[in-house]
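Last residue of the sequence shown: 360 (the UniProt record's numbering), numbering continuous. Below is one structure, written out as structure tokens; the observations come after it.
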Amino acid sequence: YNSNIDKGSVKWASPSNIALVKYWGKKAHQIPENPSISFTLSDCKTITEMTYIKKDNQGFSFDIYFEGEKNEAFKPKIQTFFERIEIYMPFLKDYHFKIETSNTFPHSSGIASSASGMSAIALCLMSIEKELSVPESDNVEFQDYFNQKASFLARLGSGSACRSIEGELVVWGKNESIVGSSDLYGVKFEGDVHANFKNYQDTILLVDKGEKQVSSTVGHQLMYGHPFATKRFAQAHDNLAKLKTILASGDLNAFIKIVESEALTLHAMMMTSMPYFILMKPNTLEIINKIWAFREKTDSKICFTLDAGANVHVLYPEKEKDDVLQFIKNELANYCQNGHYICDQIGHGA
Ligand code: 2P0
């Protein structure tokens, strides 16, 4: 690369994602124990600007600013991330980086910002790599390389982040039914997707905005020696293969079964690990029951999924938007902290 460039700046906006088949359990080097698939979101994003400044002494350094203020809390995770990727990004050691970042969703909303945040930094680093490259390339093959390596790097920051580069559906983890799938990076789901899933909606109900008691990184580790681990990892493979067929057929009843079962299984793994823990709150269960009751009395195809937290992601077809938003406003909003929820939908990537 061209190390004569003294200074430059790049900027990316990268979205969050919500898993349909969940990643829960990993091996060394951020390799997942099972494959996962997610909807890329559209409006919930991290916006990151990265300035790089040439320095004389060897070894990378960085400062991070979150919403305009210098932030020390994020430093250790990014330090670990840079150490993991240094070998793949040889220019890192010659620069100081100023990372300025903000989210489109409210801070401490309980929405995981690691996927959008880490993917945004990975993309910035790829753009810097491109600017420093001689000669600079820009063709279709280069774009594939760019996205794949961005996803590869993002995975080393946070596993789920590797699913935030592209849209609308991304698979991460080797699985027989998905050609080209890899444990090392996310790949755009290239299978048939029925029109029922076009502009699929995700309204995120903010049940608990507080910091959760057990981090995902610790949760993943508790899958080592977990009594149900082997069965769970096999089940995820099976559910991904089934979901591939469902995405093509547009069978929304079958979609609901897989997605809700995956969410509850994720939390069942938490409740049956040692030490055990519970991230759902009473209002999480109230909302789930309300969703089930609504489905009983209408012909709605609304369903829920959960991340590693108490918030509920309400998924539904675009054509039900008016009815479901009315239902959420009337019957679910009062279970949310300060009545807050965020309307998002499936997106196209960073
Ligand atoms: C997922 N989650 O598939 C699952 C389901 C949360 C629930 O991946 O340790 O922040 O940084 O690799 O990616 C959250 O875990 O964990 C997660 P690390 P990550 O989205």
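Ideal placement from N, C-alpha and C gives every residue a C-beta, glycine not left out.
- If you ignore the 5 residues before and after H277, its C-beta comes within less than 8 Å of the C-beta of I288, L289, M290, L316, all in its own chain and listed in chain order.
- Taken in chain order, the whole alpha helix (DSSP H) runs of length 4 or more contained in the stretch 194-274 are 226-231, 239-259.
- In the displayed model, L289 falls within coil according to three-state DSSP, outside both helix and strand.
- Assignment of H106 by DSSP, reduced to helix, strand and coil, places it in the strand class.
- For T90, the enclosing alpha helix (DSSP H) begins and ends at 85-95.
- V189 and H247 have their C-alpha atoms roughly 14 Å apart.
- With a threshold of 7 Å, the Cβ atom of Q68 does not count as near the ligand 2P0, since no heavy atom of the ligand is closer than that.
- With a cutoff of 7 Å, H230 counts as near the ligand 2P0, since its C-beta is closer than that to a heavy atom of the ligand.
- Inclusion of F207 and I47 in the CB contact set at 8 Å is not warranted, their separation being larger than that value.
- Distances between the C-beta of S123 and the heavy atoms of the ligand 2P0 are all 7 Å or more.
- When only Cα atoms are considered, I28 and I298 end up about 17 Å apart.
- Here I138 is buried. Its C-beta has 16 or more other C-beta atoms within 10 Å.
- Taking 3 residues as the shortest admissible run, the stretch 15-91 contains the following complete beta strand (DSSP E) segments, listed from N- to C-terminal end: 17-31, 46-64, 71-76.
- In the three-state reduction of the DSSP assignment, T111 falls in the strand class, which pools E and B.
- In the three-state reduction of the DSSP assignment, H323 falls in the strand class.
- The three-state secondary structure of V189, taken from DSSP, is coil.
- Between the ligand 2P0 and S46, a heavy atom-to-CB distance of less than 7 Å is present.
- A258 is classed as exposed because its beta carbon has fewer than 16 other beta carbons within 10 Å across all chains shown.
- Residue nearest to E77 within the set T90, E59, R94 is E59 (criterion: CA-CA distance).
- Looking at V203, K184, K219, H236, the one whose alpha-carbon comes closest to that of P42 is K184.
- The beta carbons of L135 and M99 sit about 6 Å from each other, so the pair counts as a contact at 8 Å.
- For T227, the distance from the CB to the nearest heavy atom of the ligand 2P0 is below 7 Å.
- Contact between the stretch 61-78 and the stretch 108-115 is present, with at least three C-beta pairs closer than 8 Å.
- Within a 10 Å sphere around the beta-carbon of F337 sit 16 or more other beta-carbons, which makes this residue buried.
- Counting only the Cα atoms, N293 lies some 6 Å from Y345.
- DSSP links T315 through a beta bridge to H323.
- D154 is bridged by DSSP to nothing; it lacks a bridge partner.
- Per the coordinates, the alpha-carbon of E151 lies some 28 Å from the alpha-carbon of Y105.
- Taking 8 Å as the cut-off, the beta carbon of N149 is found no closer than this to the beta carbon of I175.
- Judged by their CB atoms, G359 and P86 are not nearer to each other than the 8 Å cut-off.
- Burial of N113 is indicated by the presence of at least 16 other C-beta atoms within 10 angstroms of its C-beta.
- The beta carbon of Y326 lies closer than 6 Å to those of Q211, I312, V334 in the same chain, with the five residues before and after it left out.
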